[in-house]
Amino acid sequence: MQRIVCEIHEDYVVVRGEDDIEFVSCKHREASQGPWSLIDICLAGGIAHLFSRWHSMSASRVRLMTNAGLKSGASEAGGLLKACSRIADGEPFDDDLTLCRDEFANALLAARRQKKFSGIPETPKPPRKKADRSPPPPDFLELVEKFMSVLRICPDLPARTYIRTQHIENVMRPTLDAGGHDTTASGECYDALVTLVAARNSADPLRGQYASWLTEPKFGSAKASLAALVLSRTIVREDVLQTLASSPDRPLLRRWTTTGHERLRIKLVAGGVRGTRVNGALRLREAWQAQWEESKRDLPGDEAERQDLEAKILDLAGDVEAEVATTDAEWGDRMYETLRARLRGGGVTPVSSLALTAEHLFGLALDLASECEVWFSDEFDVEAALAEVGRATSFGVIQESGVTQ
């Protein structure tokens, strides 16, 4: 692929070579509107517009991408998808292909009666009864056949709610992995590319210079201004590489407003972990909670993915505990250091599009510790210990205030 041109003639134009140019239109359709009918997909769905661009600019291929389904039937939008594929494969025309071609031609003619499109002739509105209708013009049918051979319809785009998640999981992550890059930043890389595309979609190199065109007729030429516009809306391989290179390699460790650190703190202290490391552990737990809150998608698989991570981390933590636990000394620091090192070494790999680093996974392990599933010492009655700390704290406050009981 040589370049992609955004928002020129269609949503984007893919240039693979001098004689290999594809015009692409993307159409969103609400689920409440149902699947595309043949008539709808030609006008509202943009196929008539694609036909117009193909006819006037000799594009090699055209493609419609949509999130909506297609009505089934040989003479409906679903039949058009299949017919285009069969024609592209060189299959001879049979009754189904002929029916679909004729109905498609009629749908394009109907769209032309609503709006002018290059290459589609204007015809009078046909009678209601099909038996009384005239067939489409023969030369137009021939043109429609050629168009069908280069038209592709992709009705499998995800809905807006899930499009980011699916593109990260199905496109961005595998692409980074294939290139040998860190996949934990898949979400950030995807967002950076979306920002790049959004900027190119609306790029205007002449913004702020329109007054010069009015006051200085020789300021520029229409041809030069069009070339500048196309260039400003073009994305090449180097643009993508630069965008990915400037994207953050790893998600930031951010704080999360939370309470309830007492259980984790008392368990770490019981294992001999000192204050500074305890404070760092609390921050890592917060970083996990913040990243989970931002990355979770409220999809049916979210909870299953979290449970999968928890099970793997518990399994790993159990192995580490068996290695470091002793009966004659505190072993909390060794548990902390060894478990963290194993996670940094890839001991657990997330199987989702969640952008989780080893630090986030360790934060999840600490979160499990706060729930008494991971230990940094021999097990003890946490509730009783917390109650004892509470009584000691209350007694200290009373003593400081000078109140006697």
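Numbered according to this note's numbering, the sequence shown terminates at residue 406, and the numbering increases by one at each position without gaps. Backbone N, C-alpha and C fix where the C-beta goes; we use that ideal spot for every residue, glycine too. Computed from a prediction, not measured in an experiment: that's the story for all the values here.
Task: Enclosing beta strand (DSSP E) for S26 [first to last residue] - done: Here the beta strand (DSSP E) through S26 covers D21 to K28.
Open item on the list: Just to check my reading of the structure: N68 and L158 have Cβ atoms closer than 8 Å, yes? What is that Cβ distance to the nearest angstrom?
Closed with: The C-beta separation of N68 from L158 comes to about 4 Å, placing the pair in contact by the 8 Å criterion.
Task: Whole alpha helix (DSSP H) elements within the segment 125–158, 4-residue minimum - done: Complete alpha helix (DSSP H) runs here, min 4: 139–151.
Task: C-beta atoms of L177 and T184 nearer than 9 Å - done: Yes.
TODO: Rounded to whole angstroms, what's the CA-CA distance from G74 to Y163? Just pull it up for me.
DONE: Between the C-alpha atoms of G74 and Y163 there is a straight-line separation of about 29 Å.
TODO: Counting only the same chain and skipping the five closest in sequence on each side, list residues whose C-beta sits under 6 Å from that of I426.
DONE: One cannot answer for residue 426 here, as it falls past the ends of the chain, which runs 2 to 406.
Task: L285 beta carbon less than 9 Å from that of F363 - done: Taking a C-beta distance under 9 Å as the contact criterion, F363 and L285 qualify as a contact pair.
Open item on the list: Suppose you measure from the CA of A386 to the CA of I267; what does that come to, to the nearest Å?
Closed with: The straight-line gap from Cα to Cα measures roughly 8 Å.
Task: Alpha-carbon to alpha-carbon, D379 and P331 - done: In the sequence as presented, Pro is not what sits at residue 331; that position holds Glu. E331 and D379 have their alpha carbons spaced roughly 9 Å apart.
Open item on the list: Y337 and G272 - do their beta-carbons sit closer together than 9 Å?
Closed with: The answer is yes: Cβ separation under 9 Å.
- [ ] Give, in chain order, every unbroken run of the alpha helix (DSSP H) that is at least 4 residues long and sits entirely within the segment 174–201.
- [x] With a minimum length of 4 residues, the continuous alpha helix (DSSP H) runs that stay inside the segment 174–201 are 174–179.
Task: Exposure of N202, with buried meaning 16 or more beta-carbon neighbours within 10 Å - done: By the 10 Å Cβ count, N202 comes out exposed.
TODO: Can you say whether V172 is buried or exposed, counting buried as having 16 or more other CB atoms within 10 angstroms of its CB?
DONE: Burial call: exposed.
Open item on the list: Please report the straight-line C-alpha distance between I42 and A78, rounded to a whole angstrom.
Closed with: Here the alpha carbons of A78 and I42 stand approximately 7 Å from one another.
Open item on the list: At the level of alpha carbons, what is the spacing between L152 and R113?
Closed with: The alpha-carbon atoms of L152 and R113 are separated by roughly 19 Å.
Task: I5 - DSSP class collapsed to helix/strand/coil - done: If DSSP states are grouped into helix, strand and coil, I5 belongs with the strands.
Open item on the list: For E263, which residues in the same chain have their Cβ closer than 7 Å to its Cβ, ignoring the five residues on either side in sequence?
Closed with: In chain order, L387 place their CB closer than 7 Å to the CB of E263, counting only its own chain and leaving out the 5 sequence neighbours on each side.
Open item on the list: Quick check on the DSSP output: what are the complete alpha helix (DSSP H) runs of length 4 or more inside the segment 263–299, in order along the chain?
Closed with: Runs of the alpha helix (DSSP H) inside the segment 263–299: 263–271 and 276–296.
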